[in-house]
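J.: Handing you this structure, nothing more for now.
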Amino acid sequence: GPQGGGGGGGGGPPPAANVGEPVNVTEKVGILLLNLGGPEELDDVQPFLYNLFADPDIIRLPAAVRFLQSPLAALLSNSRAPKSRKAYESIGGGSPLRRITDEQAQALKQSLAAKGQAAEVYVGMRYWKPFTEDATEQIKADGITQLVVLPLYPQFSISTSGSSLRLLEQIFSEDEYLQMQMKHTVIPSWYQRPGYVQAMADLIKGELNKPGSEFDSPDEPIIFFSAHGVPVSYVEDAGDPYKQEMEECVALIVAQLGRMGVHNEHVLAYQSRVGPIEWLKPYTDDIIRELGAKKTKAMVAVPISFVSEHIETLEEMDMEYRELAEESGVQQWGRVPALDTNPVFIDDLADAVVESLLTFENQTSDLNMGSGEFGMRSAEFGSFRSGDFGSMASGEFSSVSMSGGLPPISIMPMGTGTKASVPKPGDLGDLLGGGQGLQEPWEWGFNEYAMIAVSILLSTMLMMDQGM
1 GPQGGGGGGG
11 GGPPPAANVG
21 EPVNVTEKVG
31 ILLLNLGGPE
41 ELDDVQPFLY
51 NLFADPDIIR
61 LPAAVRFLQS
71 PLAALLSNSR
81 APKSRKAYES
91 IGGGSPLRRI
101 TDEQAQALKQ
111 SLAAKGQAAE
121 VYVGMRYWKP
131 FTEDATEQIK
141 ADGITQLVVL
151 PLYPQFSIST
161 SGSSLRLLEQ
171 IFSEDEYLQM
181 QMKHTVIPSW
191 YQRPGYVQAM
201 ADLIKGELNK
211 PGSEFDSPDE
221 PIIFFSAHGV
231 PVSYVEDAGD
241 PYKQEMEECV
251 ALIVAQLGRM
261 GVHNEHVLAY
271 QSRVGPIEWL
281 KPYTDDIIRE
291 LGAKKTKAMV
301 AVPISFVSEH
311 IETLEEMDME
321 YRELAEESGV
331 QQWGRVPALD
341 TNPVFIDDLA
351 DAVVESLLTF
361 ENQTSDLNMG
371 SGEFGMRSAE
381 FGSFRSGDFG
391 SMASGEFSSV
401 SMSGGLPPIS
411 IMPMGTGTKA
421 SVPKPGDLGD
431 LLGGGQGLQE
441 PWEWGFNEYA
451 MIAVSILLST
461 MLMMDQGM
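Quick note on numbering: full-length UniProt numbering labels position 181 of the sequence shown as 181, and the sequence is numbered without any gaps.
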């Protein structure tokens, strides 16, 4: 089962309530932390990559060729595994993400207890163990009656939080207990929370002033925010609020640094792109080269999409980008550590959980307010409540139902041309609308047909290769 405060007493009586506990004593509260997951040993790398590429929120194929998702994932994971294995080898043979997420879960449980809120904390990973399905099984076994779903991504993206929430929606829709007997609420993003912003600013200031750092003076280095990239089409066509949230997030941290007397220049760029399509710009590697060309002497890198150390901080940043910076002529380099179990950050997450538990208090006994009609509401965006997407909730969603897996639906309507508004907290049905996936076949251009032709060709080669 999931680590990090999971387990506990089957369906027995709830544990004695802490004194001053704010929530109804008869409720059994759970918090589900959602994260990416990562291979723990080298033999996990290829199957982990397969799970990643088989996710329709990561590789979005047109409906007509969605049957190619699995062979394409097999092909891509096998071709990328050797390079990826080398990267994991260089950081000790596996990702520390599970260990750190478990530590965060434990710290969150303790912080909640200190605030008088008893809760079990579960970890559900999207692409590796403990899988989200394992966590929901444990949640059922423990008889949780109120669940706060907390993706560990500060900014919302279709490809991170969105994918995890869509999987969760599917699990809930197939399970009567999770859907009917347990209330749930989702905290879709939390980059604007004061404790998170403060913790990031503290870490950046700390790195600039660290004894024994490479910097001549703390006000010299450029503060280099590097975010995990997403394809441009997610933002422009699917209304992903990620870019907007990321820019707001950086602005909040920079403003906080200003109040703390730190006025260094800063820049935001996007890392980890894969494949031939256009991703959010500017790209991290381009900006590092540019800074070198401008004779920038010092930079401090800040991982801004993730809250724990993992492959993108330990290998991509600490090795690849550091080396690139040196080659480009940047002489002094520092990297701000990930938040991990930073007490200011964990305490703020605990506050976020307590605040969202109050939404249960304010609900009537009518279950529909909670989770009763999960999937049904996703098709009718017009009749929205707490998770309303503001101007985007036009009600003109096609409700897509597919057997054999979820469609690669965007979280917001495609091509409306309006700016995505930030999702408000609410339940999963609110956050995930029925959308149209990619364009219809008659709207495809040369690229789509080329992609399909290549996919079919590759799949055929793969099947022949495997003697299928």
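All residues carry an ideal CB built from backbone N, CA and C; glycine is no exception.
1. So Val-230 packs on Leu-280, CB below 8 Å; how close in whole Å?
2. Please name the residue, chosen from Leu-112, Ser-79, Thr-284 and Leu-167, that lies closest to Ala-56 on a Cα-to-Cα basis.
3. With Leu-291 and Ile-222 assumed to form a contact (beta carbons below 8 Å), what rounded beta-carbon distance in angstroms separates them?
4. Excluding the 5 residues preceding and the 5 following Ser-213 in the sequence, name in chain order all residues of the same chain whose CB lies nearer than 6 Å to its CB.
5. Along the beta strand (DSSP E) that carries Glu-120, what are the first and last residues, could you check?
6. Taking 8 Å as the threshold, find out whether the region 189-198 comes into contact with the region 280-289 through three or more Cβ pairs.
7. Kindly give me the distance between the Cβ atoms of Leu-339 and Val-307, rounded to whole angstroms, as I take these residues to be in contact under 8 Å.
8. May I ask you to report which of helix, strand or coil DSSP gives Gly-334?
9. I think Leu-257 touches Ile-204, with their Cβ atoms under 8 Å apart; what is that distance to the nearest whole Å?
10. Taking DSSP as the reference, what is the three-state secondary structure of Val-454?
11. Which residue comes first and which comes last in the beta strand (DSSP E) that contains Tyr-270?
12. On the three-state DSSP scale, how would you describe Met-299?
13. Mapping DSSP to helix, strand and coil, what is Ser-328?
14. Could you name the residues of the same chain whose beta carbon sits closer than 6 Å to that of Asp-216, not counting the 5 residues immediately before and after it, in chain order?
15. Would the region 107-127 and the region 335-355 be scored as touching if the rule is three or more Cβ pairs under 8 Å?
16. Whose C-alpha, out of Gly-92, Ser-90 and Phe-53, is nearest the C-alpha of Leu-75?
17. Tell me the DSSP secondary structure of Val-185 in three-state form.
18. Give me whichever residues DSSP pairs with Trp-279 in a beta bridge.
19. Give me, in chain order, the residues of the same chain whose beta-carbon lies closer than 6 Å to that of Val-250; leave out the 5 immediate sequence neighbours on both sides.
20. Between Leu-165 and chain B, is any beta-carbon pair separated by less than 8 Å?
21. Any chance you could list the alpha helix (DSSP H) runs of at least 4 consecutive residues sitting entirely within the region 35-104, in chain order?
22. Val-454 to Ala-64, Cα distance in whole Å?
23. Could you give the residue range of the alpha helix (DSSP H) that holds Pro-154?
24. Met-260 to Val-302, Cα distance in whole Å?
25. When the Cα atoms are used, what is the spatial distance from Gly-143 to Asn-362?
26. Under 8 Å by Cβ, that's how I've got Asn-35 and Thr-136 pegged, so tell me the actual separation to the nearest angstrom.
27. Taking the alpha helix (DSSP H) that Ser-213 belongs to, which residues open and close that run?
28. Return the first residue and the last residue of the alpha helix (DSSP H) that Lys-140 is part of.
29. Going by other Cβ atoms of all chains shown within 10 Å of its Cβ, with 16 needed for buried, is Thr-160 buried or exposed?
30. From the DSSP output, which residues share a beta bridge with Ser-226?
31. If you check the beta carbons only, do Tyr-242 and Thr-284 fall under 8 Å apart?
32. Which stretch, first to last residue, makes up the alpha helix (DSSP H) that contains Met-246?
33. In whole angstroms, give me the CA-to-CA distance for Ser-173 and Met-180.
34. Which residue comes first and which comes last in the alpha helix (DSSP H) that contains Phe-284?
35. Counting Cβ pairs, one atom from each stretch, are 3 or more of them under 8 Å apart for the region 91-106 and the region 123-136?
36. Buried or exposed for Ala-107, please, with buried defined as at least 16 other CB atoms from any protein chain shown within 10 angstroms of its CB.
T.: In terms of the structure at hand:
1. Position 230 of the sequence shown holds residue 230. Position 280 of the sequence shown holds residue 280. Between Leu-280 and Val-230 the Cβ distance is about 6 Å, and since that is below 8 Å, they are a contact.
2. Within the sequence shown, numbered from 1, the residue matching residue 56 stands at position 56. Checking the sequence shown, residue 56 turns out to be Pro, not Ala. Cα-wise, what sits closest to Pro-56 is Leu-167.
3. The residue labelled residue 291 in the question sits at position 291 within the sequence shown. The residue labelled residue 222 in the question sits at position 222 within the sequence shown. Contact holds; Cβ gap of about 6 Å.
4. Taking the sequence shown and counting its residues from 1, the one referred to as residue 213 is at position 213. Closer than 6 Å at Cβ, skipping near neighbours: Gly-334.
5. Position 120 of the sequence shown, counting from 1, holds the residue named residue 120. Counting along the chain, the beta strand (DSSP E) containing Glu-120 begins and ends at 120-125.
6. no
7. For this step, residue 339 is matched to residue 339 along the sequence shown. For this step, residue 307 is matched to residue 307 along the sequence shown. Sure, about 4 Å apart at Cβ, within 8 Å.
8. Numbered from its first residue, the sequence shown carries residue 334 at position 334. Note: Gly-334 maps to strand in three-state DSSP.
9. Against the sequence shown, residue 257 aligns to sequence position 257. Against the sequence shown, residue 204 aligns to sequence position 204. Going by Cβ atoms, the distance from Leu-257 to Ile-204 rounds to 6 Å, so yes, they are a contact pair.
10. Position 454 of the sequence shown holds residue 454. Residue state, collapsed to three classes: helix.
11. In the sequence shown, residue 270 corresponds to position 270, counting from 1. Per DSSP, Tyr-270 belongs to the beta strand (DSSP E) from 266-271.
12. As a first step, residue 299 is located in the sequence shown; it is residue number 299 there, counting from the start. The answer is strand: DSSP assigns Met-299 an E or B state.
13. Numbered from 1 along the sequence shown, position 328 holds the residue referred to as residue 328. Of the three classes helix, strand and coil, the one that applies to Ser-328 here is coil, per DSSP.
14. Translated into the one-based positions of the sequence shown, residue 216 becomes position 216. The answer is none, since no qualifying residue turns up.
15. Between the region 107-127 and the region 335-355, the count of C-beta pairs closer than 8 Å reaches three or more; the two stretches touch.
16. Working through the sequence shown from its first residue, we reach residue 75 at position 75. Leu-75 has its Cα closest to that of Phe-53, out of Gly-92, Ser-90 and Phe-53.
17. As a working note, residue 185 is residue 185 in the sequence shown. The sequence given here places Thr at residue 185; Val does not occur at that position. Thr-185 falls in the strand class under three-state DSSP.
18. Counting from one through the sequence shown, the residue named residue 279 turns up at place 279. Residue pairing of Trp-279 in beta bridges, as defined by DSSP: Pro-231.
19. If you number the sequence shown from 1, residue 250 lands on position 250. Taken in chain order, the residues that qualify are Phe-225 and Leu-268.
20. The question asks about chain B, but that chain is absent: this structure has only one protein chain.
21. 45-53 and 69-90
22. Mapped onto the sequence shown, residue 454 falls at position 454. Mapped onto the sequence shown, residue 64 falls at position 64. Distance between the alpha carbons of Val-454 and Ala-64 is about 14 Å.
23. Numbered from 1 along the sequence shown, position 154 holds the residue referred to as residue 154. Where Pro-154 is concerned, there is no enclosing alpha helix (DSSP H), given that its DSSP letter is neither H nor E.
24. Sequence index remark: in the sequence shown, residue 260 carries index 260 (1-based). Sequence index remark: in the sequence shown, residue 302 carries index 302 (1-based). One C-alpha to the other measures close to 17 Å.
25. As a first step, residue 143 must be located in the sequence shown, where it is residue number 143. As a first step, residue 362 must be located in the sequence shown, where it is residue number 362. Near 22 Å, if we compare the C-alpha coordinates of Asn-362 and Gly-143.
26. For the purposes of this step, residue 35 is identified with residue 35 of the sequence shown, where counting begins at 1. For the purposes of this step, residue 136 is identified with residue 136 of the sequence shown, where counting begins at 1. Cβ atoms of Asn-35 and Thr-136 stay farther apart than 8 Å, at about 15 Å.
27. Here residue 213 corresponds to residue number 213 of the sequence shown, with the count starting at 1. Secondary structure note for Ser-213: it is in no alpha helix (DSSP H), with a DSSP letter that is neither H nor E.
28. On the sequence shown, position 140 is the one that residue 140 refers to. Per DSSP, Lys-140 belongs to the alpha helix (DSSP H) from 132-141.
29. Translated into the one-based positions of the sequence shown, residue 160 becomes position 160. It counts as buried.
30. Looking up residue 226 in the sequence shown gives position 226. In the DSSP output, where bridge partners are listed per residue, Ser-226 has Ala-269 and Pro-303.
31. What you label residue 242 is simply residue 242 of the sequence shown in a count that begins at 1. What you label residue 284 is simply residue 284 of the sequence shown in a count that begins at 1. Taking 8 Å as the Cβ cut-off, Tyr-242 and Thr-284 do not qualify as a contacting pair.
32. Sequence index remark: in the sequence shown, residue 246 carries index 246 (1-based). From DSSP, the alpha helix (DSSP H) with Met-246 extends over 242-259.
33. Counting from 1 along the sequence shown, the entry for residue 173 is found at position 173. Counting from 1 along the sequence shown, the entry for residue 180 is found at position 180. Spanning the alpha carbons of Ser-173 and Met-180 requires a straight line of approximately 10 Å.
34. For the purposes of this step, residue 284 is identified with residue 284 of the sequence shown, where counting begins at 1. Just to set this straight, residue 284 is Thr in the shown sequence, not Phe. Run containing Thr-284: 284-293, per the alpha helix (DSSP H) assignment.
35. yes
36. Residue 107 sits at position 107 when you count from the first residue of the sequence shown. Residue burial annotation: Ala-107 is buried, with at least 16 other C-beta atoms found within 10 angstroms of its C-beta.
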